[in-house]
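By my numbering, the letter at position 502 of the sequence shown is numbered 496, and the numbering carries on one by one without gaps.
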Amino acid sequence: MSLPACPGPCGLSDALSGGLPQHDDSRRRHSRLDGEAVSDGRDGGPAALVAPSHLVPALSELARAARDGLAFLRAQPGVREVEVFVSENRTLLTRLNYTSHIPCNGVEEPKSAEMYGVGIQVAFDSPEGVLIGFGSEPSDLSTAGMRRAFDKARQGAVRDPEFRSLPRPGGAARALFDYHDPALLTISDAQLVESGWKVLQGGLRAFLASGSLADLAGSEAELRGLGLILGGDVTIVQESMAIASSQMPESQTDVSTPMMGFVTAMVESREAKGSGWSTGTRLDHFTDEAGVEAAQRAIEAIGGERIPSGDYTVIFGRQPVADLMNNLVVPSCQAGSFYASSTPFLGKLGKPVASPRLSIYDHGAMPGFMGSKGITCEGLPTGRTDLIRDGVLTGALTNWYDAQRLLHDPGLAEKLGVDAAAAAPALVARNGFRYTGAGGRAFDTSPETAASNVIVEGSDPVALDELIKSVRDGLYIGRIWYTYPINGLRAGDFTCTVVGDSFANSVRINDNITRLLTHIAGITKDQRGTLVWGVDEVVYTPEIAVTGVHVDAIAGFMEATD
């Protein structure tokens, strides 16, 4: 288990010197740098594209595609309004797989995936009224590609009486410019692999430094036999987009470079599991913290005890808080949920919905935060939306369409609890994004409401040690899984299973999110960016103690099979 003198275990020096192609290798050049053309919209003829000399196309190329595409499409018959969204996304990933007792490579499968294309939303005039259609075309920004996307939009157009207009600019100005990291846009394959080894070695060092593991094993050979496992990945997303529309004809662009690490560690012989993660936007800020944290939490989970079903005071770690936010609280604070009357906060804008200790807001323009963007995928500025302030519901996340639909809903007063004039400041469209859960800003889908950086705060935060002392007898739950509303979101009832950073798979939580929010006993000081599987938002959260949480013991029969 001792770390070898080479840059890392399992032959890191060989991996880094094994001739992996760099990003400027001709075999990995961008697939569309081949002289395609986009109409300039003035003389009907194509304007030749100049292939950039580096892998990531010049942002000006995307901007011109959006601008010229808009000019071409506005001239088509029957077009009332049109929006052109162009994006290019590349995901770089290095997979981690270390097993102390099974031969392994440590860092596995460095790979990349890329996609680019255009998405077009069109409002058509018709005798029946305005028809709305969306069409997209992958891998082609030429005039022909624009036309194919337009034809799809026309073919699929339907009457939507709730459509008001495509997004229009408001009074807010864009706050975030040039916030991406050029080093992450030009990262080499060797650097990508090295980032994986950095995280993996951090986890191995944490295992080796553990006195409790050394006591359990007795020798280095037996330490390997404990079944020490580190798995996960380091992921970098290179996002570039441009948008132009009838309402905002000047082409706008945005580039972002989120970087994240996620690791699960296990001491398999003791059925102990821990997790760690890191979030950031700069290569030079990336550390081994995800590996170190995962290994430490797995070690701390050794010797967990089963508990009977009952109601407990529970300290929720950051991952459980993030999971509850992502699956229950944030969806309940979206305009679409109020419109559909599917939120437990129905009719409660301006009223208490949580403990006065708690505040939650979304801020998409925070420098250095992983979920930040300069503009939304609707071309509108990002910014801060307060959802719950000192326990009071103060706002909702929304895109343009959902905001306009709700503000003109005859049932608005019943759904929000206030009239349109009072509701308007709480329904500013700062969160219209084209996310698919796979990373990047997708060109082949319409904007939906999505959070960016969800920030959870306490009014009187304390250190974790102090919170534990105040709880005295209770549970610490470090990781949950499969969190979902069991009777619909409006009821607030939910279930989830404890799967790590605690005694894994021994209890299931069955409770109500509105009850949890109103029974907060304490909140810690330090917030950290926390990842939730399969979503693009990041939750910056502390740990939170809640009284009277109902847990049910599960899988007790498994001990009899050991």
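Idealized CB from N, CA, C, for every residue including glycine.
Per DSSP, R502 is one residue of the beta strand (DSSP E) stretching across V501 to N506.
The DSSP assignment places 304 to 310 as complete runs of the beta strand (DSSP E) inside the stretch 267 to 347, in order along the chain (cut-off: 3 residues). A direct Cα-Cα distance of roughly 31 Å separates L525 from A208.
For R300, the closest of V543, L469 and P536 by C-alpha to C-alpha distance is L469. Annotation for G528: G431 place their beta carbon closer than 6 Å to its own, counting only its chain and skipping 5 residues before and after. Nearest to G190 by alpha-carbon distance, out of V78, T88, G196 and I538, is T88.
S353 is a Cβ neighbour of I382, given a cutoff of 8 Å. DSSP lists R522 as the bridge partner or partners of T535.
The C-beta separation of V450 from V533 comes to about 7 Å, placing the pair in contact by the 8 Å criterion. Of the candidates I96, E108 and R312, the residue whose Cα lies closest to the Cα of L222 is I96. L64 places its beta carbon less than 8 Å from that of V76. With fewer than 16 other Cβ atoms inside 10 Å of its own Cβ, Q149 counts as exposed. Setting aside the 5 residues that flank it on each side, P346 is surrounded in the same chain by G385 and V386, each with a C-beta closer than 6 Å to its C-beta; the list follows chain order. The beta carbon of Y355 sits closer than 7 Å to the beta carbons of R378, T379, D380, L381 and I449 from its chain, once the five residues preceding and following it are set aside; these are given in chain order.
Put simply, the backbone Cα of F280 is about 11 Å away from that of E188.
Residues S106, L186 and I230 of the same chain have their beta carbon placed closer than 6 Å to that of L86, with the five preceding and five following residues left out of the count. E283 and G270 do touch by the CB rule: their CB atoms are close to 7 Å apart, below 8 Å. Apart from the 5 residues on each side of it in sequence, D145 sits with its Cβ closer than 8 Å to the Cβ of G129 in its chain, given in chain order.
Close CB contacts of Q115 within its chain, under the 6 Å cut and outside five residues either way in sequence, are with E77 and F128 (chain order). Around the beta carbon of A117, 16 or more other beta carbons sit within 10 angstroms, so the residue counts as buried. A distance below 6 Å between beta-carbons, with the five flanking residues on each side excluded, links P314 to the following residues of its chain, in chain order: I471 and I474. Below 8 Å, too few C-beta pairs join the stretch 357 to 365 and the stretch 325 to 341 to call them touching: fewer than three. Residue burial annotation: E233 is buried, with at least 16 other C-beta atoms found within 10 angstroms of its C-beta. Closest by C-alpha distance to M319, out of A416, E531 and D172, is E531. For the set A420, A334 and A211, the Cα lying nearest the Cα of I293 is the one of A211. Residues T477 and Y478 of the same chain have their beta carbon placed closer than 7 Å to that of N321, with the five preceding and five following residues left out of the count.
Within the model, the alpha-carbon separation for A414 versus A407 is close to 8 Å. Counting along the chain, the unbroken beta strand (DSSP E) around V257 starts and ends at M253 to V261. Rounded to the nearest whole angstrom, the CA to CA distance from M140 to E131 is 7 Å.
Per the DSSP secondary-structure output, W475 pairs in a beta bridge with T491. According to the DSSP assignment, R89 belongs to the beta strand (DSSP E) that extends over V73 to T93.
Per the coordinates, the alpha-carbon of D317 lies some 27 Å from the alpha-carbon of V249. In the displayed model, Y395 falls within a helix according to three-state DSSP. Among the bridge pairs identified by DSSP, F118 is matched with V73 and L125. Under the three-state reduction of DSSP output, T541 falls in the strand class. By the 16-neighbour rule on beta-carbons within 10 angstroms, V422 is buried.
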